[in-house]
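Listed in order, the protein sequences are those of chains A and B. At position 93 of the first sequence (counting the first as 1) the number is 93 in this note's numbering, and the numbers step up by one without a gap. Take any residue in the second sequence, note its place counting from 1, add 111, and you have its number in this note's numbering. Just so you know, even glycine gets a beta-carbon here, dropped at the ideal spot from N, CA and C.
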Amino acid sequence: EAEVAQSPRYKITEKSQAVAFWCDPISGHATLYWYRQILGQGPELLVQFQDESVVDDSQLPKDRFSAERLKGVDSTLKIQPAELGDSAMYLCASSLGREAFFGQGTRLTVV
Amino acid sequence: LAKTTQPISMDSYEGQEVNITCSHNNIATNDYITWYQQFPSQGPRFIIQGYKTKVTNEVASLFIPADRKSSTLSLPRVSLSDTAVYYCLVGDYAAAGNKLTFGGGTRVLVKP
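As structure tokens, this is what we get:
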């Protein structure tokens with residue numbers, strides 16, 4: 001069964017350092033999402049891609065976060081510099097429309 | 112996008128039926144109702160989706176009244192492994208590129 005792959009699964013970084021997350025969506029899925037989920041809360045959409053184009057990044061803190069999806073396949077989410085409040089689970093999902101498939105996520109801890 | 116309201120938490124016992132109601136008073140004509148399940152330290156997983164009346168699959172049933180202003184997810188005969196957070200989403204999911212907005216979800220605890 002096809003899955004959304006994310007790496008790394010866990011990441012510990014010091015504040016002010018740069019960190020990057022990678023997502024490989026299910027083959028053929030044009031829509032790709034990045035979410036941030038703080039413990040005890042629902043996922044919050046950071047950025048949405050349709051192929052290689054950003055559809056929605058209204059909730060992305062653009063002073064420190066960036067996302068790209070070159071060639072409309074895999075995607076990278078970067079944080080520079082990381083802050084203590086960025087500690088969360090970062091989830092990637094892909095979709096053809098009806099149903100979104102999520103990866104296992106990357107648990108980020110900023111110390 | 113229609114906002115949804117669902118209970119924060121629910122407790123149940125093994126073997127019982129769990130019903131979670133979601134309110135979406137501002138649902139639009141093209142909107143579908145979708146439910147996701149999330150276990151700790153995992154990404155959400157699609158459970159069921161419907162537009163009107165009743166939808167049933169091997170996991171759950173979804174009941175949608177005629178006015179579509181609410182919906183009820185029904186989990187039959189729950190087990191301990193059904194302990195999770197359940198999210199109700201409303202949107203035009205028939206089209207690609209739709210926006211998925213999650214609320215706080217309902218934490219379901221199944222007790223032995």
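C-alpha of B/Q117 to C-alpha of A/G85: approximately 27 Å in a straight line. Residues of the same chain with a CB within less than 6 Å of the CB of A/R9, apart from the 5 flanking positions on each side, do not exist. Between the C-alpha atoms of B/R188 and B/D142 there is a straight-line separation of about 29 Å.
For A/D56, DSSP records a beta bridge to A/Q48.
Residue-level contact by beta carbon fails for A/Q59 and chain B, as no gap is shorter than 8 Å. Just measuring C-alpha positions, the residue of B/I119, B/W146, B/N137 and B/S152 sitting nearest B/S172 is B/W146. The three-state reading of DSSP puts A/S16 in coil, since its state is none of H, G, I, E or B. B/A177 places its beta carbon 8 Å or farther from that of B/Q149. Apart from the 5 residues on each side of it in sequence, B/P155 sits with its Cβ closer than 6 Å to the Cβ of Y147 and Q149 in its chain, given in chain order. Residue pairing of B/K165 in beta bridges, as defined by DSSP: B/F174. In terms of beta-carbon proximity, B/F174 stays away from the interface with chain A, with every pair separated by 8 Å or more.
For A/L96, the secondary structure class from DSSP, reduced to helix, strand or coil, is coil. At least 8 Å separates the CB of B/T164 from every CB of chain A. Secondary structure at A/K71: helix, using DSSP grouped into helix, strand and coil.
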